[in-house]
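First up is the structure itself, then whatever we jot down about it.
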Amino acid sequence: MKLPLKGIIPPMITPLLENKELDHLGLEKLLKHLIGGGVHGIFILGTTGEGPSLSYKVRKELITATCQIVAGRVPVLVGVTDTSETGTLKIANHAKSAGADALVVAPPYYLPISQKEMGDYLERVVPALSLPFMLYNMPSCTKLHLSLDVVIKAKKLGAIGIKDSSGDLSYLYQLIEEFKGDPLFSVIAGAELFLPETIMYGGHGAVAGGANFFPRLFVDLYDAALRNDLEEVKLLRDKVLKVHSTIYEVGQYSSRHIKGIKSALMAMGICQDYSAEPLSRFSEDKQSQIKEHIEQFNYKNEYKSAH
1 MKLPLKGIIP
11 PMITPLLENK
21 ELDHLGLEKL
31 LKHLIGGGVH
41 GIFILGTTGE
51 GPSLSYKVRK
61 ELITATCQIV
71 AGRVPVLVGV
81 TDTSETGTLK
91 IANHAKSAGA
101 DALVVAPPYY
111 LPISQKEMGD
121 YLERVVPALS
131 LPFMLYNMPS
141 CTKLHLSLDV
151 VIKAKKLGAI
161 GIKDSSGDLS
171 YLYQLIEEFK
181 GDPLFSVIAG
191 AELFLPETIM
201 YGGHGAVAGG
211 ANFFPRLFVD
221 LYDAALRNDL
231 EEVKLLRDKV
241 LKVHSTIYEV
251 GQYSSRHIKG
261 IKSALMAMGI
271 CQDYSAEPLS
281 RFSEDKQSQI
291 KEHIEQFNYK
301 NEYKSAH
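Numbering-wise (the UniProt record's numbering), the sequence shown opens with residue 1 and increments by one.
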């Protein structure tokens, strides 16, 4: 795996069947769509991938199948966050044996912990990890907004980067400024709208949920930001804003983002939109709304993956 990690690394959804088992055919079609769209890596078992809601059996199947299908064409990053250290290490070890490239580690969720407790956790867990790891700042799901000191400690322990999904642009800038002297440490935005600022300020890429269905759009936006092509950046970001105001706005609960992405992929004929409990798929009327939005984007021509 080449460092620093950079580019568009989609937080891949987990294609499921109605019985909540892994949809192997859907997974193969999705990965073909993503890699054909030019993405620079694949991140599985994150928030968008519903990682914590999946059985350990399905998680392991997903890791193994993803690594087999990707076959080294792009790095595969595996989310290993769990409520217990034992659960984290079991998935980490499986990822290693399956051929994954790196792990993604967030604070253990459910019980609130302090910054010091997170630092202590990393000191215990990191030596037992079987692959390089990236830190994951996801305060909306973990109850902890990682301090700069904790990120610095993680880097000293061997972290190869951080994915920041706090939505706090000033914090993202602090991260970029703090680690700009290390050519091997990646600062990756979790908020896809921050992609241009991240790149132009010296960051490395984005874990963009919308890249699940429109990978080429986000790859083009990343490339335009690298070129500092402000006119192209504005044109492409307007299209990303349209995604946010249409596909992401169907439904009333925060889970609408995951449901919307899955429903969009179903509308595009890539996989079904079944979710892991406690989430459920969109109703038929909302599925129809998503399909109408997708068709308005003219995705078959404008955002077609380059196979």
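Quick reminder that beta carbons are idealized off the backbone N, C-alpha and C, glycines included.
Under the three-state DSSP convention, the category residue i falls into
i, result
"S170", "helix"
"F214", "coil"
"F297", "coil"
"Q289", "helix"
"G7", "strand"
"E117", "helix"
"S186", "strand"
"A282", "Note on identity: in this sequence residue 282 is Phe, with Ala being the wrong assignment. If DSSP states are grouped into helix, strand and coil, F282 belongs with coil."
"G209", "helix"
"K180", "coil"
"D164", "strand"
"L77", "strand"
"V39", "coil"
"L226", "helix"
"L144", "coil"
"P15", "coil"
"I44", "strand"
"V126", "helix"
"D82", "coil"
Of the listed residues the options, nearest to residue i (C-alpha basis)
i, options, result
"I9", "I270, L195 and K239", "L195"
"P215", "L34, L25 and G26", "L34"
"L62", "K90, H24 and V80", "H24"
"E21", "L235, K57, G51 and Q68", "K57"
"K32", "L3, K2, C67 and D164", "C67"
"L45", "E85, I91 and T86", "I91"
"G203", "K6, S166 and S255", "K6"
"residue 362", "S263, F282 and E192", "Summary: the structure shown does not reach residue 362, with the chain confined to residues 1 through 307, and so no result is reported for it."
"I258", "E123, G210 and L144", "G210"
Cβ neighbour criterion (16 or more within 10 Å) applied to residue i
i, result
"H244", "exposed"
"P108", "buried"
"S186", "buried"
"L184", "exposed"
"S97", "exposed"
"N19", "exposed"
"K2", "exposed"
"H307", "Bear in mind that the predicted position of H307 carries a pLDDT of just 35, short of 50, making it unreliable; the figure below should be weighed with that in mind. Flag for H307 reads exposed."
"T86", "exposed"
"Y253", "exposed"
"A128", "exposed"
Distance cut-off 7 Å: residue i Cβ against heavy atoms of the ligand HEM
i, result
"L34", "As for the ligand HEM, it is missing from this structure, which has no ligand bound."
Residue i - containing alpha helix (DSSP H), residue span
i, result
"I261", "R256 to A267"
"S97", "E85 to A98"
"V150", "L148 to K156"
"S55", "Unbroken run through S55: none, as it is neither H nor E."
"D238", "L230 to S245"
"E25", "It is Leu, not Glu, that sits at residue 25 in the sequence shown. Here the alpha helix (DSSP H) through L25 covers H24 to G36."
Residue i: first and last residue of the uninterrupted beta strand (DSSP E) it sits in
i, result
"L135", "F133 to N137"
"L195", "No beta strand (DSSP E) holds L195; the alpha helix (DSSP H) holding it covers L195 to Y201."
"A191", "That residue, A191, is in no beta strand (DSSP E); it is neither H nor E in DSSP."
"L103", "A102 to V105"
C-beta contact flag for residue i and residue j at 8 Å
i, j, result
"I188", "I162", "yes"
"L77", "V105", "no"
"L54", "A95", "no"
"T47", "P75", "no"
"D182", "L172", "no"
"V250", "K286", "yes"
"G190", "V150", "no"
"I152", "N212", "no"
"V233", "L217", "no"
"T88", "Y110", "no"
"C271", "L279", "no"
"L144", "I113", "yes"
"T198", "A208", "no"
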